[in-house]
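One gets our numbering by counting positions in the sequence shown from 1 and adding 429 to each.
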Amino acid sequence: SQCDSKNYSYPWHDNFCEARSWSNVLCTSGQGHQGQDIRPQTCKTKTWWAIAVEDGTITQVGSYTVALTGTDTPHRIFRYLHLDAGTLKVKVGDHVVRGQKIGLVSDNFGTSNGVAQHTTIHLHFEVRIAQSETLPDGTVLAASSFVPGYTALVDAYSRHLAGDCQVVE
């Protein structure tokens, strides 16, 4: 079942480029998962906070999504999916700081024909580039291209364990 304890145990694994039908230029096939799925510590909806990964501005809020554009160069765009809309602590235009609470992780997947849709309880976290970039191997990424976020996740978790990533109300 989705709530099997092994689904909510560390360590995580990188699932960027996992088999999907979505376009992703960094995946060998040109298609794949466009973000990182992060399961909370337990299989409980609306219990665990998604927090701002860096200082920035909230640039989009949807029925289950929030986008944050980072203040610092290269102005990455971070998108948080499957948040509970009723718990969002941000709105478009808000300035947020690293560690600030955004919303609670849930199984919210929006609606289809007026019917609530659900997924497993997790945060789908995407990182996009804000402007075109050329990688060291010569690959050119267009603005809004998805880039892997797994190493940033591991770094943030390490900083949290070291006490260098406080949660801000």
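For each residue, glycine too, the CB sits at the ideal point set by N, CA and C.
key: Integer Cβ distance of VAL597 from VAL526, believed to fall under 8 angstroms   = Between VAL597 and VAL526 a beta carbon distance of about 6 angstroms is seen, short of the 8 angstroms cut, so the two are scored as contacting.
Residues near SER535 by beta carbon distance below 7 angstroms, same chain, minus five either side = If the five residues before and after SER535 are omitted, its C-beta is found closer than 7 angstroms to the C-beta atoms of THR474, LYS475, HIS511, LEU512, ASP513 and ILE550, all from its own chain and listed in chain order.
key: Whole-angstrom distance between TYR579 and GLN560, CA atom to CA atom   = 20 angstroms
Burial state of PRO503, where buried means 16 or more other Cβ atoms lie within 10 Å = That one is exposed.
Candidates ARG508, SER492, LEU552 and ALA571: closest to GLY515 by CA position = SER492
task = Name, in chain order, the residues that DSSP records as bridge partners for GLU562.
result = LEU570
message = Quick check on the burial criterion: 16 or more other C-beta atoms within 10 angstroms. Buried or exposed for TRP442?
response = The sequence given here places His at residue 442; Trp does not occur at that position. Its Cβ having fewer than 16 others within 10 Å, HIS442 is exposed.
message = Could you check whether ASP466 and HIS553 sit closer than 8 angstroms to each other, using their CB atoms as the reference points?
response = Pairing HIS553 with ASP466 gives a Cβ-Cβ distance under 8 angstroms.
query = Among ALA585, GLU483, SER574 and SER587, which residue has its Cα nearest to the Cα of GLN460?
reply = SER574
task = Run the CB neighbour count on GLY567, radius 10 Å, all protein chains shown included, and call it buried at 16 or more, exposed below.
result = exposed
Proximity to ASP523 [Cα-Cα], best of VAL544, THR498 and ALA545 = The residue with the shortest Cα to Cα distance from ASP523 is THR498.
ask   = So who's on the other strand from GLY528, going by DSSP bridges?
value = Per DSSP, none; premise fails for GLY528.
task = Buried or exposed for GLY485, please, with buried defined as at least 16 other CB atoms from any protein chain shown within 10 angstroms of its CB.
result = buried
request  = Could you check how far apart the C-beta atoms of VAL490 and LEU517 are, in whole angstroms? I think they sit under 8 angstroms.
outcome  = 7 angstroms
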